[in-house]
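First residue of the sequence shown: 1, per the UniProt record's numbering; consecutive thereafter.
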Amino acid sequence: MKEPGRPTRVLIDGWDLNQWDADRGVAWRFRTIKGWRPGTAMRVRQVARENAHGSYAQRGYRDGRMITIRGDIIGHTPAQVSDALDHLSALLADGGFGEFRFDDARSDNKTATVQLFALDDGEWNNTPICSYQMQLWAPGPYRYGETSTATTRFPSIPDGVGLIYPLYSPNGVLDYGNTANISDGLATVTNAGNAPSTPVFEVTGPTPASGFVIVDTDTGDWVRFLSAVPPGAVLRINSADGSALINDVADRSGDLLVDRWPTIEPGATKTFSFQPLAETSDALLSVSATATYW
Numbered sequence: 001m002k003e004p005g006r007p008t009r010v011l012i013d014g015w016d017l018n019q020w021d022a023d024r025g026v027a028w029r030f031r032t033i034k035g036w037r038p039g040t041a042m043r044v045r046q047v048a049r050e051n052a053h054g055s056y057a058q059r060g061y062r063d064g065r066m067i068t069i070r071g072d073i074i075g076h077t078p079a080q081v082s083d084a085l086d087h088l089s090a091l092l093a094d095g096g097f098g099e100f101r102f103d104d105a106r107s108d109n110k111t112a113t114v115q116l117f118a119l120d121d122g123e124w125n126n127t128p129i130c131s132y133q134m135q136l137w138a139p140g141p142y143r144y145g146e147t148s149t150a151t152t153r154f155p156s157i158p159d160g161v162g163l164i165y166p167l168y169s170p171n172g173v174l175d176y177g178n179t180a181n182i183s184d185g186l187a188t189v190t191n192a193g194n195a196p197s198t199p200v201f202e203v204t205g206p207t208p209a210s211g212f213v214i215v216d217t218d219t220g221d222w223v224r225f226l227s228a229v230p231p232g233a234v235l236r237i238n239s240a241d242g243s244a245l246i247n248d249v250a251d252r253s254g255d256l257l258v259d260r261w262p263t264i265e266p267g268a269t270k271t272f273s274f275q276p277l278a279e280t281s282d283a284l285l286s287v288s289a290t291a292t293y294w
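Structural data, given as structure tokens:
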């Protein structure tokens with residue numbers, strides 16, 4: 001059952017197809033969506049067995065996602081509806097990609113990257129009401145939810161800062177001083193989805209000239225960056241495509257050395273260790289993992 005007072009939101013690049021549009025004097029009413037919740041079709045290359053029944057077992061892969069939306073535009077005059085149709089026809093009209101977001105009490109606010117496949121105005125005949133159908137194509141099979149983020153610095157204990165050492169349970173401790181500003185060099189994130197998630201690492205400089213290493217503490221797999229990140233610059237390492245960009249412009253993937261790219265299994269929590277390869281610095285690591293769903 002939908003939460004009381006919470007309307008379904010159907011957004012294409014931020015435009016809601018279920019709202020009152022005061023600028024145009026029309027109501028956008030969402031009716032149905034198809035192809036959003038179930039998993040996508042499986043694509044399998046069939047290789048027939050020669051002179052035998054059946055075919056060889058092959059690995060299957062999920063195909064893209066076709067999303068079909070039906071809705072209405074309701075105004076007081078045909079001119080208002082015509083103006084709204086002009087706006088609808090401009091959404092994703094250049095053939096590029098944008099964000100589709102579907103948010104109701106069941107699907108819990110998920111997104112996908114889509115492009116326009118088809119738009120039909122249902123043979124509108126110049127009335128104050130128009131029913132339309134829009135089809136969107138998502139090349140990837142995944143839907144994305146909330147993002148889990150954690151930050152850390154290189155392991156360090158600043159001068160004058162002590163530790164608390166446990167003597168006995170439950171209350172006995174030996175306090176060597178203030179524990180503020182101590183960094184353990186660990187960052188933990190969670191994939192709340194039902195499909196594997198690929199983490200993104202963002203490192204804000206300065207880092208040592210020799211670089212740093214990020215280690216999956218569960219498997220020991222590592223990603224090394226064998227160069228310096230300048231002060232204030234941000235290096236973004238994307239596990240999904242293996243890219244490494246400084247300030248989203250300069251390609252530094254040639255400085256990467258990868259044991260194996262990390263993935264976070266459905267419903268799993270993963271901890272990453274951030275270590276300098278030589279001297280330490282004040283670099284900051286941010287790890288993010290987006291909940292990924294079939």
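Positions of the beta carbon are idealized from the N, C-alpha and C atoms, including for glycine. Just so you know, these numbers come straight off a predicted model, no measurement behind them.
Residue burial classification, residue i (beta-carbon count within 10 angstroms, cutoff 16)
i, result
"V114", "buried"
"A138", "buried"
"A41", "exposed"
"L285", "buried"
"D241", "exposed"
"Y132", "buried"
"P231", "exposed"
"residue 299", "Residue 299 lies beyond the range of the chain shown here (1 to 294); nothing can be said about it."
"D23", "exposed"
"D184", "exposed"
"D94", "exposed"
"A84", "buried"
"S55", "exposed"
Residue i (DSSP reduced to helix, strand or coil)
i, result
"D21", "strand"
"V223", "strand"
"S281", "coil"
"S286", "strand"
"D16", "strand"
"K2", "Below a pLDDT of 50, predicted positions are generally treated as unreliable, and K2, at 47, falls in that range; the measurement from the model is reported next regardless. Looking at K2 - three-state DSSP - the assignment turns out to be coil, as it is neither helix nor strand."
Beta-bridge pairing of residue i - partner residues as DSSP gives them
i, result
"P276", "F212"
"L119", "M134"
"D251", "L245"
"A112", "F100"
"L186", "S273"
"T149", "S288"
Beta-carbon spacing of residue i, residue j below 8 Å
i, j, result
"D282", "D221", "no"
"S156", "T292", "no"
"A289", "N194", "no"
"F30", "G71", "yes"
"F102", "L136", "no"
"I74", "V26", "yes"
"E146", "P208", "no"
"D255", "A244", "yes"
"L257", "L226", "yes"
"L92", "D13", "yes"
"P276", "F212", "yes"
Contacts around residue i, its chain only, beta-carbon distance under 8 Å, and the 5 residues preceding and following it disregarded
i, result
"W294", "G39, T40, R62, P141, Y142, R143, N194 and A195"
"W36", "R65, I67, F102, S107 and R143"
"D251", "S243, A244 and L245"
Sequence-distant residues of its chain with Cβ nearer than 6 Å to residue i (five each side left out)
i, result
"L17", "V10, W28, F30 and G71"
"V44", "Q58 and G60"
Sequence-distant residues of the same chain with beta carbon closer than 7 Å to residue i, five excluded per side
i, result
"T151", "A187, L284, L285 and S286"
The ligand NAP heavy atom lying under 7 Å from the CB of residue i
i, result
"V258", "Absent from the structure shown: the ligand NAP. Ligands present: none."
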